[in-house]
Amino acid sequence: MRGAGKSARGVSLYSRWVNRPLGRPAAAAALLMGLRPNHVTLISGALTCSGIAVIALMAPSPATAVAVTSLLVLGFALDSADGQLARLRREASPAGEWLDHMVDCVKVVTLHAAVLISLYRFHDLPGEGWLLVPLAFQTAAVVIFCGGLLTDKLLSAARTAGGGAGPAGREAPPPLWRALALLPVDYGVVCWSFLLLAQASWFRVGYAVLAAAHLLFAAAFALLWYRRVSALSAPRR
0 MRGAGKSARG VSLYSRWVNR PLGRPAAAAA LLMGLRPNHV TLISGALTCS GIAVIALMAP
60 SPATAVAVTS LLVLGFALDS ADGQLARLRR EASPAGEWLD HMVDCVKVVT LHAAVLISLY
120 RFHDLPGEGW LLVPLAFQTA AVVIFCGGLL TDKLLSAART AGGGAGPAGR EAPPPLWRAL
180 ALLPVDYGVV CWSFLLLAQA SWFRVGYAVL AAAHLLFAAA FALLWYRRVS ALSAPRR
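Quick note on numbering that gives the first Met the number 0: the sequence shown kicks off at 0 and runs consecutively.
Written out as structure tokens, the structure reads:
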């Protein structure tokens with residue numbers, strides 16, 4: 000199963016050491032059950048959307064916090080399992096990648112929309128400015144998701160066009176400091192933050208801290224990605 004994992008480059012400690020290991024037994028179980036990768040993707044999306052619906056529709060409570068966190072964490076683990084299953088079955092395909100990214104896109108957008116609804120419906124906010132936090136968080140999360148995806152596609156296309164597919168074999172893991180630094184923008188950490196949902200003030204502060212981290216990283220990533228993409232055309236100038 001370990002051979003079915005993806006590269007550790009650019010991955011935080013949670014995704015690398017928690018989420019991917021959680022996905023391995025899920026992928027193995029799906030293989031034994033005869034499930035296809037797209038089935039696992041859809042189950043992952045269903046669990047995640049269920050957790051998001053609970054955020055928007057149910058008043059915060061200890062039970063709600065546990066339910067939301069469990070659904071989001073399980074959904075994220077299966078998001079790793081579908082890719083591992085595809086590699087095990089040798090069924091990786093553009094259609095499967097498309098479905099996976101579409102589910103991720105829905106997740107990124109609707110999660111923070113649900114938090115906005117929850118803040119408006121159930122929280123005694125100290126000021127209406129708090130309603131802007133989910134919008135800022137949503138913007139940063141979408142920029143990080145779409146920008147990273149687009150950059151990877153452009154760099155991959157450039158390598159393919161230049162005949163530089165790169166060396167075979169697994170890449171070296173990233174430095175520990177980098178994996179630690181990426182924790183605030185790891186979706187898994189966002190999932191676990193919903194354990195604070197029953198404590199309104201704690202949740203708002205924790206959520207705002209993660210939102211600020213996403214905004215800072217979105218700006219830093221944008222500069223980095225632009226430099227990497229600009230380097231593709233530098234020799235032609």
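By construction, the Cβ of each residue, glycine as well, lies at the ideal position given by its N, Cα and C atoms.
> Helix, strand or coil for residue 133 per DSSP?
Replying inline: Here residue 133 refers to the residue found at position 134 when the sequence shown is read from its first residue. Of the three classes helix, strand and coil, the one that applies to residue 133 here is helix, per DSSP.
> Do the segment 23-43 and the segment 67-83 make contact, defined as three or more Cβ pairs closer than 8 Å?
Replying inline: At 8 Å Cβ cutoff, the stretches touch.
> Do you know whose CA, among 106, 97, 84 and 101, lies nearest residue 70's CA?
Replying inline: Stepping through the sequence shown from its first residue, residue 70 is reached at position 71. For residue 70, the nearest C-alpha among the options comes from 106.
>> Could you check whether residue 51 and residue 110 sit closer than 7 Å to each other, using their CB atoms as the reference points?
In response: Here residue 110 refers to the residue found at position 111 when the sequence shown is read from its first residue. Here residue 51 refers to the residue found at position 52 when the sequence shown is read from its first residue. Result yes, Cβ atoms of residue 110 and residue 51 sit closer than 7 Å.
> Using the rule of at least 16 other Cβ atoms within 10 Å of the residue's Cβ for burial, across every protein chain shown, is residue 18 buried or exposed?
Replying inline: The residue labelled residue 18 in the question sits at position 19 within the sequence shown. By the neighbour-count rule (16 or more Cβ atoms within 10 Å), residue 18 is buried.
>> Could you compute how far the alpha carbon of residue 102 sits from the alpha carbon of residue 28?
In response: Within the sequence shown, numbered from 1, the residue matching residue 102 stands at position 103. Within the sequence shown, numbered from 1, the residue matching residue 28 stands at position 29. In a straight line, the C-alpha of residue 102 is about 21 Å away from that of residue 28.
> Pick from 214, 201, 198 and 193: whose alpha carbon is nearest that of residue 144?
Replying inline: The residue you call residue 144 lines up with position 145 of the sequence shown. Looking at the Cα atoms, 214 is the closest of the given residues.
>> Distance check for residue 156 and residue 104, CA to CA, integer angstroms please.
In response: Taking the first residue of the sequence shown as position 1, residue 104 is located at position 105. Taking the first residue of the sequence shown as position 1, residue 156 is located at position 157. For residue 104 and residue 156, the distance between alpha carbons rounds to 22 Å.
> If you draw a straight line from the alpha carbon of residue 167 to that of residue 95, how long is it in whole angstroms?
Replying inline: Here residue 167 refers to the residue found at position 168 of the sequence shown. Here residue 95 refers to the residue found at position 96 of the sequence shown. At residue 167 the pLDDT is 44, less than 50, meaning the model places this residue with poor confidence; the figure from the coordinates comes in the next sentence. For residue 167 and residue 95, the distance between alpha carbons rounds to 23 Å.
> So, helix, strand or coil for residue 125, using DSSP?
Replying inline: As a position in the sequence shown, residue 125 is number 126, starting the count at 1. Of the three classes helix, strand and coil, the one that applies to residue 125 here is coil, per DSSP.
>> Quick check for students: name the residue ranges of the alpha helix (DSSP H) that lie wholly in the segment 73-127, counting only runs of 4 or more.
In response: 93-121
>> On a Cα-Cα basis, can you pick out the residue from 192, 222 and 218 that is closest to residue 206?
In response: To locate residue 206, count along the sequence shown from 1; it is residue 207. Closest option to residue 206, Cα to Cα, is 192.
> Thinking C-alpha only, which one of 226, 121, 134 and 153 is nearest residue 108?
Replying inline: Locating residue 108 in the sequence shown gives position 109, where the first residue counts as 1. Ranking 226, 121, 134 and 153 by Cα distance to residue 108 puts 134 first.
> Terminal residues of the continuous alpha helix (DSSP H) containing residue 224?
Replying inline: Counting from 1 along the sequence shown, the entry for residue 224 is found at position 225. 199-232 is the extent of the alpha helix (DSSP H) around residue 224.
> Can you give the beta carbon distance from residue 178 to residue 15, rounded, assuming they're within the 8 Å contact cut?
Replying inline: Along the sequence shown, one-based indexing puts residue 178 at 179. Along the sequence shown, one-based indexing puts residue 15 at 16. Sure, about 6 Å apart at Cβ, within 8 Å.
> Going by Cα to Cα distance, which pick from 229, 63 and 38 is closest to residue 196?
Replying inline: Taking the sequence shown and counting its residues from 1, the one referred to as residue 196 is at position 197. Closest option to residue 196, Cα to Cα, is 63.
> Is it buried or exposed for residue 165, if we count other Cβ within 10 angstroms and need 16 for buried?
Replying inline: Within the sequence shown, the letter at position 166 stands for residue 165. With a pLDDT of only 49 at residue 165, under 50, the local geometry of the prediction cannot be trusted, and no value is derived from it.
> Apart from the five residues on each side of it in sequence, which residues of its chain come closer than 6 Å, Cβ to Cβ, to residue 72?
Replying inline: Within the sequence shown, residue 72 is the residue found at index 73, counting from 1. So the qualifying residues of the chain are 190.
> Based on Cα-Cα distance, which residue from 35, 120, 231 and 186 lies nearest to residue 159?
Replying inline: For the purposes of this step, residue 159 is taken as residue 160 along the sequence shown, with counting starting at 1. The option with the nearest alpha carbon to residue 159 is 231.
> Which first and last residues belong to the alpha helix (DSSP H) in which residue 32 is found?
Replying inline: Position 33 of the sequence shown, counted from the start, is the residue given in the question as residue 32. Where residue 32 is concerned, the enclosing alpha helix (DSSP H) stretches over 19-32.
>> Going by DSSP, what residue range makes up the alpha helix (DSSP H) through residue 10?
In response: For this step, residue 10 is matched to residue 11 along the sequence shown. It is not in any alpha helix (DSSP H) - residue 10 carries neither H nor E in the DSSP assignment.
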